[in-house]
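A quick write-up on the structure given underneath.
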Amino acid sequence: MEVLIVDDPGTVVADAIAQHVQPGAVLGLATGSSPLPVYRELIDRHTRSELSLAGVRAFTLDEYVGLAQSHAESYHSVIRREFTDHIDLDRVDGPDGEAKDIPAEAARYEAAIVEAGGIDVQLLGIGTDGHIGFNEPGSSLMSRTRVKTLTQQTREDNARFFDSVDDVPHHVLTQGLGTILDAGHLVLIATGSSKANAVAAAVEGPVAAFCPASVLQLHQHVTVVVDPPAAAQLRLAAYYRFTAENKPDWQRF
Ligand code: F6R
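Just so you know, we're using the working numbering here: the sequence shown kicks off at 30 and counts up by one.
See below:
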């Protein structure tokens, strides 16, 4: 696992994603606030004709169950508004939270990712309770796409996107931790002091379902990109900084 503590995580994560971009590549996209600077940076590069996502497709991590796709805060809407409507990506798919048969939809989504050849690079945010995707504490480290119930903490964190916390759905359809681990390269972005405890637990804590993001420690190729406030609880911060400053030129993300 590489841990990068930088002032501008959005640009660094955009570099990490861009290195995978080529026709036929499959990107895994996250929603929420953390990836927004990454998406803005990738869109800017596209606008300047420095980056094309032609021939690239994408899958999102998760979706609220029971929220209409047309709702402004469905992740179907959010990913299009914030990213894919502004770049030449071939297509983006997400789990259908309106499906009548949710277990069947979960199985369909898993199969669609496999049919696409698997995800080359998966962008991740992290919840204040350590979730990735919407795999809340207690999620099986081997889990596949399925329905999950959001914790009250996550619903309160996400209330800013809705009129009130009561409007935040209780249920979500999310890629499982096992699904996420199948991607070739995992890139996690976290910013702000509210993420400091979760980042430390994920990177330096024990691998435990209580902190779902700690499962990243089991993957062979992980890049964690954090700003200094999000890095504030990392015990080995000086080592991560030294490692990054002395990284051999030939070594990529
Ligand atoms: C969203 C997702 C979640 C978020 C996490 C952090 O697709 O998978 O894991 O990444 O809840 O959300 P923000 O970035 O809004 O703090």
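Here a beta-carbon is modelled for each residue, glycine too, at the ideal position from N, C-alpha and C. Please read these numbers as outputs of a predicted model, since none were measured by experiment.
Residues bridged to Asp125 [DSSP beta-bridge criterion] = Answer by DSSP bridge pairing: none, since Asp125 is not bridged.
Locate the alpha helix (DSSP H) running through Ala273, then write down its first and last residues.
-> 266-274
Own chain, CB closer than 7 Å to Val162, minus 5 neighbours either side, in chain order | Per the sequence shown, residue 162 should be read as Gly rather than Val. If we look at Gly162 and ignore the five residues flanking it on each side, its Cβ neighbours are Leu90, Asp91, Thr203, Gln204, Ile209.
Do you know offhand how far Pro132's Cα is from Leu170's?
-> 19 Å
If you draw a straight line from the C-alpha of Tyr227 to the C-alpha of Gly154, how long is it?
-> For the sequence presented, residue 227 should be read as Ala rather than Tyr. Those two C-alpha atoms are separated by around 11 Å.
If you drop the 5 nearest sequence neighbours on each side, which residues of the same chain put their C-beta closer than 8 Å to that of Phe282?
-> Glu31, Asp44, Ala45, Gln48, His214, Val216, Thr252
Could you give the C-beta distance for Gly234 and Ala259, rounded to a whole number, given that I count them as a contact under 8 Å?
-> The Cβ separation is near 15 Å, so there is no contact.
Would you please verify whether the beta carbon of Glu92 is less than 8 Å from any beta carbon of chain D?
-> Considering every chain present, this structure includes no chain D. It has just one protein chain.
Check whether the stretch 113-130 touches the stretch 181-195, counting contact only when three or more Cβ pairs, one atom from each stretch, lie closer than 8 Å.
-> no
Decide if Glu70 is buried, meaning its Cβ has at least 16 other Cβ atoms within 10 Å, or exposed.
-> buried
Report buried or exposed for Tyr68, applying the criterion of at least 16 other Cβ atoms within 10 angstroms of its Cβ.
-> buried
Exposure label - Lys224; buried when at least 16 CB within 10 Å | buried
Beta-bridge pairing of Val50 - partner residues as DSSP gives them = DSSP, once it has assigned bridges, lists no residue as partnering Val50.
Helix, strand or coil: which one does DSSP assign to Thr252?
-> strand
Residue from Asn164, Gln280, Gly156, Val232 whose Cα sits closest to the Cα of Arg264 = Val232
Locate the alpha helix (DSSP H) running through Leu80, then write down its first and last residues.
-> Where Leu80 is concerned, there is no enclosing alpha helix (DSSP H), given that its DSSP letter is neither H nor E.
Report, in whole angstroms, the separation of the C-beta atoms of Val107 and Val254, which I expect to be a contact under 8 Å.
-> About 21 Å; that fails the 8 Å criterion.
Span of the alpha helix (DSSP H) around Arg281 = No alpha helix (DSSP H) holds Arg281; DSSP gives it neither H nor E.
Alpha carbon of Glu139 to alpha carbon of Arg173, nearest angstrom = 8 Å
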